[in-house]
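Student: Would you mind keeping the following structure in view while I ask a few things?
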Amino acid sequence: MTPASETRKIAALLKPYLDRDETFLVQTTQMGETEAYIGSVTLSWLANRVEFASQLPLFQGKLDPKTGNVQPDAETVDELYQRPLDWSRQAPLTRYLAARTDRKFPPLLLVVSPPWVDNPRSVGWDEHGRARQSAVEFVPLDSDRRVGLLDLSSTVSVFALDGQHRLMGVRGLMELLETGTLQPLTKAKKPTGKALTLEEIAQAVGKTPSQLRELADETLGVELIPAVVKGETREEARRRIRSIFVHVNLMAVKLSKGQVTLLNEDDGFAIITRQIAVTHPMLCQEAERLPRVNWDGASVSAKSRVLTTLQALKDMTVGYLGDRFPHWKPLKSGTIPQRPTVDELADGLAELMRLWDGLATLPSYRKLDAGLETPTLRRLSFEADGGEGNILFRPVGQVALAQALGTAIFRKRIPLIEVFDKLRQFDDEGGFSGIENPESIWYGVFYDPNKRRIRIAGRDLAAKLLLYLLGGMTEPMDLAELRMAVAKARTFENRAVSFQGRFVKPREVGLPSAIA
89 MTPASETRKI
99 AALLKPYLDR
109 DETFLVQTTQ
119 MGETEAYIGS
129 VTLSWLANRV
139 EFASQLPLFQ
149 GKLDPKTGNV
159 QPDAETVDEL
169 YQRPLDWSRQ
179 APLTRYLAAR
189 TDRKFPPLLL
199 VVSPPWVDNP
209 RSVGWDEHGR
219 ARQSAVEFVP
229 LDSDRRVGLL
239 DLSSTVSVFA
249 LDGQHRLMGV
259 RGLMELLETG
269 TLQPLTKAKK
279 PTGKALTLEE
289 IAQAVGKTPS
299 QLRELADETL
309 GVELIPAVVK
319 GETREEARRR
329 IRSIFVHVNL
339 MAVKLSKGQV
349 TLLNEDDGFA
359 IITRQIAVTH
369 PMLCQEAERL
379 PRVNWDGASV
389 SAKSRVLTTL
399 QALKDMTVGY
409 LGDRFPHWKP
419 LKSGTIPQRP
429 TVDELADGLA
439 ELMRLWDGLA
449 TLPSYRKLDA
459 GLETPTLRRL
469 SFEADGGEGN
479 ILFRPVGQVA
489 LAQALGTAIF
499 RKRIPLIEVF
509 DKLRQFDDEG
519 GFSGIENPES
529 IWYGVFYDPN
539 KRRIRIAGRD
549 LAAKLLLYLL
559 GGMTEPMDLA
569 ELRMAVAKAR
579 TFENRAVSFQ
589 GRFVKPREVG
599 LPSAIA
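Have a look at this one:
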């Protein structure tokens, strides 16, 4: 018999089973004492058959009727498997599934629990309270139990141990496809905002509602484990399931922000940030010098020899080009933005290149070409070996500067040449250095004299102060608010420090002179 005929024979034998919604072809996996079964299901099956862990019979009577979350108490605290459901994530996940052609959810981890598991008097339990059989009815098709059929008839309960928000998104998609609308919800499951409509999404992606309804037949990977295995007590099974959930989440190490920026192929800001980091002379790696960019970490220490981090570069890009390309941002925090076009990315990179060309002309950064190292320029004067205390060598200062420049150039329409002429003048006069000195405009803003350390929280105020210095803030109300914010930052125990380094009343602090 030829391989082709063998394949046809196998397909004919399996067809009667696979055409049923309650039988699935799966492959077994075995790690330690945990046997599991990997297969795929349609999105409609997932939405209709899989429940949240909180909906197990074990939790009935302990649910918050509004959110569907289990209310922790003395009886349930040791039974909780999952984090509370965040219903504000449903609409963004549903939109992602409906609108993205490159959509992809990771497999869900499901627990299979037939009716006898929740009935202590069932024949499935022996006289000692131990299971006589596994909760999964698996029919092997080979002698090594590598491939087989799994029975998931309608009487069998299936719930998501890992992937509850993916399930929430799939359920939202099915509601959208069936009713034509989906109401966004708050975290606590209260209606909020404008409803998603199938018509609007179909129009946005260039498809008809009928074409979108075909999404219900798309398939998603699942891994299924039994709620109880042969020989376990109910308590032992509960502990095993809970341990698996913890292990899955502990082993899945979250990517750092730098790693996300390095890998992201949808975020236009991340894409051009990577490109500028490897192409601009001020940032790219060169054989004769130390690396300028930390590609993974989120911060740089006082003694670090890098100039900045990839994450800070990404934040600079967003701060600078956010007003130029507002549509590059995700519609909602935590959602995936639409990848910009090739032409848009080219425009964005050109704008970013002009920014870094300008930054490279600042006297502070030109010191790097003269052989000075970043720790000397970054360290505060009282730290070991001393330094210039220059805020341009700290990510928080770099991001604040980029934010101010983005507002000045793209919102206030100040010419880039004029902006950098003023910055070079300011830098020549030591405006970015000595931030620990009371005469510095960054004293209290970027530098906390009480704790003798950098104030990360001062970034937004610093960006506004820079915008004012560049002539981009002229409205009386804006100036009044800035004056109050600066006075507050420079006030310590009811005593304010003026820009001349004297103690004054807070209302006497005022503002430094703008750059002429």
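Residues in the sequence shown are numbered from 89 upward in steps of one, following our numbering.
We treat Cβ as the ideally placed atom computed from N, Cα and C, and that holds for glycine.
(1) Based on the DSSP output, what are the partners of LEU238 in its beta bridges?
(2) Using the C-alpha atoms, what's the distance from ILE360 back to THR274?
(3) In the structure shown, what three-state DSSP assignment does LEU146 receive?
(4) Here's the rule: buried if 16 or more other CB atoms are within 10 angstroms of the residue's CB, otherwise exposed. What is ARG610?
(5) Does THR296 pass the burial test, meaning 16 or more other C-beta atoms within 10 Å, or should it be called exposed?
(6) Starting from VAL366 and walking both ways along the beta strand (DSSP E), at which residues does that stretch end?
(7) Classify LEU378: buried if its beta carbon has 16 or more other beta carbons within 10 angstroms, exposed otherwise.
(8) Say the cut is 8 Å; is the CB of ASP435 nearer than that to a heavy atom of the ligand SAM?
(9) Am I right that VAL606 and ALA325 are in contact with their C-beta atoms under 8 Å? What's the rounded C-beta distance?
(10) Quick check on this structure: which residue in GLN221, GLU110 and TRP213 has the alpha carbon closest to the alpha carbon of SER242?
(11) According to DSSP, what are the bridge partners of ALA490?
(12) Measuring alpha carbon to alpha carbon, tell me which residue in ILE603, ASN538, LYS500 and GLY407 is nearest GLU517.
(13) Check the C-beta distance from VAL138 over to LEU198 and give it rounded, since I have them as a contact under 8 Å.
(14) To which residues of the same chain is ILE289 closer than 6 Å at the C-beta, ignoring the five residues directly before and after it?
(15) At a cut of 8 Å, does the region 412-419 reach the region 384-402 through at least three beta carbon pairs?
(16) What residues match up with TRP213 in a beta bridge as DSSP calls it?
(17) Mind reading off the beta-carbon distance from THR269 to LEU284? Whole number of angstroms is fine, and I expect it under 8 Å.
(18) With a CB to CB cut of under 8 Å and the five nearest residues on each side skipped, what residues in its chain are close to PRO369?
(19) With a 10 Å radius around its C-beta and 16 neighbouring C-beta atoms as the bar for buried, classify VAL430 as buried or exposed.
(20) Rounded to whole angstroms, what is the Cα-Cα separation between GLY149 and MET119?
(21) Just verifying my parser: in three-state terms, what is the DSSP assignment at ASP566?
(22) What whole-angstrom Cβ distance do VAL394 and THR462 have, given they're in contact under 8 Å?
(23) Do three or more CB pairs link the region 475-492 to the region 510-530 at distances below 8 Å?
(24) Hey, how far is the Cα of SER528 from the Cα of MET572?
(25) List the endpoints of the continuous alpha helix (DSSP H) containing ALA179.
(26) Among all the DSSP beta bridges, which residues are the ones paired with VAL129?
(27) Across the region 563-570 and the region 501-514, are there enough close Cβ pairs to call them in contact, namely three or more that are closer than 8 Å?
(28) Among GLN115, PRO195 and ALA304, which residue has its Cα nearest to the Cα of ASP232?
(29) Within the chosen definition, does the region 589-597 reach the region 535-545 through at least 3 CB pairs nearer than 8 Å?
(30) Could you give the residue range of the alpha helix (DSSP H) that holds VAL246?
(31) Counting C-beta neighbours from all protein chains within 10 Å, is the total for ASN382 16 or more, i.e. buried, or is it exposed?
(32) Output the distance between the C-alpha atoms of TYR169 and GLY251, rounded to the nearest integer angstrom.
(33) Assuming contact is defined by CB atoms lying nearer than 9 Å, are LEU312 and LEU261 in contact in what I supplied?
(34) Please name the residue or residues paired with LEU273 in a DSSP beta bridge.
(35) Among PRO314, VAL334 and PRO483, which one has its Cα closest to the Cα of VAL388?
(36) To the nearest angstrom, how far is the alpha carbon of GLY474 from that of ARG328?
Tutor: Taking the coordinates as given:
(1) Residue numbering aside, residue 238 sits at position 150 when the sequence shown is read from its first letter. DSSP lists PHE112 and PHE226 as partners of LEU238.
(2) For the purposes of this step, residue 274 is taken as residue 186 along the sequence shown, with counting starting at 1. For the purposes of this step, residue 360 is taken as residue 272 along the sequence shown, with counting starting at 1. Straight-line Cα distance between these residues: approximately 34 Å.
(3) Walking along the sequence shown from the start, residue 146 turns up at place 58. Residue confidence is low: LEU146 scores 45 on pLDDT, short of 50, so the model does not pin down where it sits. No coordinate-derived value is stated.
(4) Nothing about residue 610 can be reported from this structure: the residues present for the chain run from 89 to 604 only.
(5) Residue 296 sits at position 208 when you count from the first residue of the sequence shown. With fewer than 16 Cβ atoms within 10 Å of its Cβ, THR296 is classed as exposed.
(6) Here the question's residue 366 lines up with position 278 in the sequence shown. Element bounds for VAL366: not the beta strand (DSSP E) but the alpha helix (DSSP H), 356-367.
(7) Taking the first residue of the sequence shown as position 1, residue 378 is located at position 290. LEU378 should be labelled exposed.
(8) Ligands are entirely absent from the displayed structure, and the ligand SAM is therefore not among its contents.
(9) Since the first residue of the chain shown is 89 and the last is 604, residue 606 is not available in this structure.
(10) By one-based count along the sequence shown, residue 242 stands at place 154. Cα-wise, what sits closest to SER242 is GLU110.
(11) Your numbering for residue 490 matches position 402 in the sequence shown. In the DSSP output, where bridge partners are listed per residue, ALA490 has none listed.
(12) Sequence index remark: in the sequence shown, residue 517 carries index 429 (1-based). Looking at the Cα atoms, ILE603 is the closest of the given residues.
(13) Against the sequence shown, residue 138 aligns to sequence position 50. Against the sequence shown, residue 198 aligns to sequence position 110. Indeed, because the Cβ distance is near 6 Å, the residues count as touching under 8 Å.
(14) By 1-based counting over the sequence shown, the position of residue 289 is 201. ALA186 and ALA187, listed in sequence order.
(15) no
(16) Translated into positions along the sequence shown, residue 213 becomes position 125. Per DSSP, ALA219.
(17) Working through the sequence shown from its first residue, we reach residue 269 at position 181. Working through the sequence shown from its first residue, we reach residue 284 at position 196. Indeed, because the Cβ distance is near 7 Å, the residues count as touching under 8 Å.
(18) On the sequence shown, position 281 is the one that residue 369 refers to. Excluding positions up to five away in sequence, the list reads ALA448.
(19) On the sequence shown, residue 430 is found 342 positions in, with the first residue counted as 1. Flag for VAL430 reads exposed.
(20) What you label residue 149 is simply residue 61 of the sequence shown in a count that begins at 1. What you label residue 119 is simply residue 31 of the sequence shown in a count that begins at 1. Caution applies to GLY149, whose pLDDT of 45 falls short of 50 and renders its modelled position unreliable; the model cannot decide the point.
(21) Counted from its first residue, the sequence shown places residue 566 at position 478. It is helical.
(22) Here residue 394 refers to the residue found at position 306 when the sequence shown is read from its first residue. Here residue 462 refers to the residue found at position 374 when the sequence shown is read from its first residue. So it is a contact: roughly 7 Å between Cβ atoms.
(23) yes
(24) Position 440 of the sequence shown, counting from 1, holds the residue named residue 528. Position 484 of the sequence shown, counting from 1, holds the residue named residue 572. Between SER528 and MET572, the C-alpha separation is close to 17 Å.
(25) The sequence position of residue 179 within the sequence shown is 91, counting from 1. Looking at the DSSP string, the run of the alpha helix (DSSP H) that includes ALA179 is 178-187.
(26) Counting from 1 along the sequence shown, the entry for residue 129 is found at position 41. Partner(s): LEU308.
(27) no
(28) On the sequence shown, position 144 is the one that residue 232 refers to. Of GLN115, PRO195 and ALA304, the residue nearest in Cα terms is GLN115.
(29) no
(30) Position 158 of the sequence shown, counted from the start, is the residue given in the question as residue 246. First-last for VAL246: 245-250, but that is the beta strand (DSSP E), not the alpha helix (DSSP H).
(31) Within the sequence shown, the letter at position 294 stands for residue 382. The residue is buried, with at least 16 neighbouring Cβ atoms inside 10 Å.
(32) By one-based count along the sequence shown, residue 169 stands at place 81. By one-based count along the sequence shown, residue 251 stands at place 163. For TYR169, the predicted model reports a pLDDT of 45, less than 50, meaning its position is unreliable; a value from the coordinates is still stated below. Each residue's Cα considered, the two are about 12 Å apart.
(33) Mapped onto the sequence shown, residue 312 falls at position 224. Mapped onto the sequence shown, residue 261 falls at position 173. No, these two residues do not count as a Cβ contact at 9 Å.
(34) What you label residue 273 is simply residue 185 of the sequence shown in a count that begins at 1. In the DSSP output, where bridge partners are listed per residue, LEU273 has PRO279.
(35) On the sequence shown, residue 388 is found 300 positions in, with the first residue counted as 1. Taking only the C-alpha atoms, the option nearest VAL388 is PRO483.
(36) Position 386 of the sequence shown, counting from 1, holds the residue named residue 474. Position 240 of the sequence shown, counting from 1, holds the residue named residue 328. Straight-line Cα distance between these residues: approximately 56 Å.
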